[in-house]
Amino acid sequence: MTPLLSVQGLGVQFTGERTVTALSDLSFDLAAGEVLGLLGESGSGKSVTLRTLLRLHPPRSTRVTGKIELDGQDVLALRGRDLQRYRGGAVSMIFQEPGMAFDPVYTIGDQIAEAVRAHEPVGREVARARALQMLDRVQIPQAKRRLDAYSHELSGGMRQRAMIALALACQPKLLLADEPTTALDATVQIQILLLLRELQRETGMSVIFVTHDIGAAVEVADRIAVMYAGRIVEENGVGEIVAAPRHPYSAGLVASTVSAAHRGQVLPTIGGSPPDLSALPSGCAFAPRCAQASAQCRAQPALVRDAARALACWHPVSDYPS
Amino acid sequence: MSAEDRGGPAQPLLLVNELSKHFAVRSGLFGRGGQQVRAVDGVSFSVAKGETLGVVGESGCGKSTTARLIARLLKADGGEMVFDGDAVGAYGGMALKDYRRNLQMVFQDSFASLNPRLTAIDTIAYGPRVHGLSKSAARQRAVSLLARVGLAPEQFGSRYPHELSGGQRQRVNIARALAFEPRMLILDEAVAALDKSVQAQVLNLLQELKAERGLTYLFISHDLQVVHYLADRVMVMYLGRVVEIGPVAALYAQPRHPYTRALLAAVPSMDPARRTERSPLSGDPPNPINPPSGCRFRDRCPHAQAVCAEQVPLLRETVTGHWAACHLDDPRSGHAEAPVMLS
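Take a look at the structure:
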């Protein structure tokens, strides 16, 4: 079966005063109806991946190499009308800060209706009806009234729901979610995670869910790809990543996630801090922080796939003598 | 420089009584209307010597305002504070300068809380200088503190904030707070902005420092896991009021207040086989300008009844040291479910 989305050898560099390598040799597939979690810390390239998929980076200062295919369509070759149809039509995105994503001077209803009319040849009334239907769908109470609300009149959770309504208004095949619950309160975060899961099940769309929070990823994702310094270092089913991580970085991330079990003990940590993307070490970027690093790690380990999992490491965790 | 322990171990280091802060809200034409946000509304608690009190709650619950009131960055509208037996800010009480030396604060935004024109060493040495230490002694203290928080002074001492990573900046902030040799630190979401792997490092550092210096922490966080790991007692706030306060083990194992239970249920499970199936609460935290009458949680509470709208529930001690403000817990409240003890 051909995947819905196929990313092959994707590289992204930002040029300017310094050249920053944000993504290197990124490859992954996403099946229709699958939810992939991209897990990583700041600077790991997870948000850059989403923005590249939507072609949001300014072409003048960005060098993109590799290949992105959605449904057989070459995404990096899209121009003009085709690119507009692709953004918001086939693929759409929700952001961390819904307050910044909405235009403050138009009502929520206007903005959803505008998106619908940009993609479909329908009249005002139909578009407005669709907007109302979408607000109902994301379980906004009193949807009819909220249609004429401005984004500042909504609470954080409602705004994120409205953002999801906007993103799904044109039935995209792929939803890109960039830390959609990070800015929300705990009791609201879980509501949004449950909503995303429910909508995904109903529509059968694929989702790429970017987060730094393993807990949130576990709630929604089928598969998790762990990113470090612009590369995928490990990919596996969500259960396997949490229970038996194989890359020392994923293992460190899982272990340093604070829980009650650690009380009274020193937390396991990963020493050091993430590398500077404008001066990446040669070979494995994690080696300077890795307890298992050896001379071999000066060569970049390839991401080796077998069946559903993938790993880029010379010394995977399961190989250690116990 | 550190003030000696005076009241003995039994005397709480900090006692907060009926603290309140109301902000005026401009509304309507020409800013008239006279509405108020009761950001902190009659908050009372104490922090024992050497203890870590965790404060949790969602945005708008008043936890950061409480911290700022205690640090005297804001002036309270009502209430009093007693620091190791001395009234704070009252006539005949402790001088503000002494109070501030004894109580320091670390903020969430590590970048905004550092002066961009001061190097790490100068930042840390600044406070002791102001408090009368000689230039060389202050510098010496800064160097040793920088080393203590895990930053090699020769490598990082002359760096400016923008030349440091988030974790390193937060270490500088901690060192700056410690430069006064305070007895108490208020940590207001101090690890929230850090990456997970760096967060664990800073939490370990905080634990070490507390043990070796006998510090007392007021640890404010929205992250229940971190609070569970670090705190001895936990205080849960909702819309400017304390709804529950108790020992960490009891509060996490047997939360008394429905809001605490909802907060705990909202923590994502780390097990894909046991995903959260139902959201414990619907809706967002309400607007603090017009809180509901009676119990402020009642419009989101699954157990709300008429009595909850009429009477403000007061904090009651249910088990020793474990207090909750809920009519469900009070057999005399008239709440139909009250006599049934909560599981």
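Residue numbers (this note's numbering), protein chains in the order written: chain U, 1 to 322; chain C, 323 to 665.
C-beta: ideal position from N, C-alpha, C; glycine also.
- Contact check for leucine 78 (chain U) against tyrosine 86 (chain U) passes: the beta carbons are separated by less than 8 Å.
- Every beta strand (DSSP E) stretch that sits fully inside the segment 60-129 of chain U and reaches 3 residues is listed by chain position as 62-70 and 91-94.
- Of all residues in the segment 252-266 of chain U, those with a C-beta nearer than 8 Å to a C-beta of chain C are Gly252, Leu253, Ser256, Thr257, Val258, Ser259, Ala260, His262, Arg263 and Val266, reading in chain order.
- Taken through DSSP and simplified to helix, strand or coil, alanine 361 (chain C) comes out as strand.
- Residues of chain U whose Cβ lies closer than 8 Å to the Cβ of tyrosine 574 (chain C) are, in chain order, Ala260.
- For alanine 101 (chain U), the closest of U:Thr15, U:Ala167 and U:Met227 by C-alpha to C-alpha distance is U:Ala167.
- In terms of beta-carbon proximity, serine 604 (chain C) lines the interface with chain U, with at least one pair separated by less than 8 Å.
- Not a single C-beta of chain U is nearer than 8 Å to the C-beta of glycine 384 (chain C).
- In terms of beta-carbon proximity, aspartate 136 (chain U) stays away from the interface with chain C, with every pair separated by 8 Å or more.
- In chain C, no part has a C-beta under 9 Å from the C-beta of aspartate 178 (chain U); the shortest such distance is about 16 Å.
- Looking at the DSSP output, lysine 343 (chain C) shares a beta bridge with C:Val362.
- Contact between glycine 568 (chain C) and tryptophan 645 (chain C) holds: their C-beta atoms lie close to 6 Å from each other, under 8 Å.
- A distance of 8 Å or more separates the beta carbons of methionine 163 (chain U) and lysine 46 (chain U).
- Here DSSP, grouped into helix, strand and coil, assigns tyrosine 482 (chain C) to coil.
- Nearest CB-CB separation between histidine 152 (chain U) and chain C: not below the 8 Å threshold.
- Contact between the segment 391-403 of chain C and the segment 620-629 of chain C is not established, with fewer than three Cβ pairs separated by less than 8 Å.
- Legend: CB atoms of the segment 201-229 of chain U lying less than 9 Å from CB atoms of chain C belong to residues His212, Asp213, Ile214, Gly215, Ala216, Ala217, Val218, Glu219, Val220, Ala221 and Asp222.
- Taking a Cβ-Cβ cut-off of 9 Å, the neighbours of alanine 595 (chain C) in chain U comprise Gly239, given in sequence order.
- Of all residues in the segment 11-45 of chain U, only Glu41 and Ser42 place a beta-carbon less than 8 Å from a beta-carbon of chain C.
- Taking a Cβ-Cβ cut-off of 7 Å, the neighbours of glutamate 380 (chain C) in chain U comprise Asp185, Ala186 and Thr187, given in sequence order.
- Between alanine 221 (chain U) and valine 35 (chain U), the beta carbon gap of about 5 Å places them in contact (Cβ cut-off 8 Å).
- From the beta-carbon of glycine 157 (chain U), the residues of chain C found nearer than 7 Å are Asp606.
- Looking at the DSSP output, isoleucine 508 (chain C) bridges to C:Met427 and C:Leu540.
- Proximity of the segment 404-424 of chain C to the segment 592-600 of chain C falls short of the contact definition, fewer than three beta-carbon pairs being nearer than 8 Å.
- The segment 164-244 of chain U contains, as complete alpha helix (DSSP H) runs of 4+ residues, the segments 186-203, 214-220 and 238-243 (chain order).
- Check the Cα spacing between glutamine 358 (chain C) and each of C:Val570, C:Ala346 and C:Arg463: the tightest is with C:Ala346.
- Excluding sequence positions up to five before and after arginine 463 (chain C), its CB lies within less than 8 Å of the CB of Ile446, Ala447, Pro450, Leu455 and Ala501, all in the same chain and listed in chain order.
- Here threonine 269 (chain U) carries a coil assignment [DSSP, helix/strand/coil].
- Looking only at U:Pro274, U:Leu38, U:Gly43 and U:Gly16, the smallest Cα-Cα distance to alanine 22 (chain U) is reached by U:Gly43.
- Alanine 389 (chain C) is positioned such that its CB atom lies no closer than 8 Å to that of isoleucine 496 (chain C).
- According to DSSP, phenylalanine 14 (chain U) shares a beta bridge with U:Val20 and U:Thr62.
- Setting aside the 5 residues that flank it on each side, alanine 113 (chain U) is surrounded in the same chain by Arg124, Ala127, Arg128, Arg130 and Ala131, each with a C-beta closer than 8 Å to its C-beta; the list follows chain order.
- Interface flag for glycine 536 (chain C) against chain U is unset, since no Cβ pair is found closer than 8 Å.
- Per the coordinates, the alpha-carbon of histidine 344 (chain C) lies some 27 Å from the alpha-carbon of arginine 159 (chain U).
- A buried status is given to glycine 230 (chain U), since no fewer than 16 other beta-carbon atoms sit within 10 Å of its beta-carbon.
- Rounded to the nearest whole angstrom, the C-alpha separation of alanine 658 (chain C) and threonine 374 (chain C) is 37 Å.
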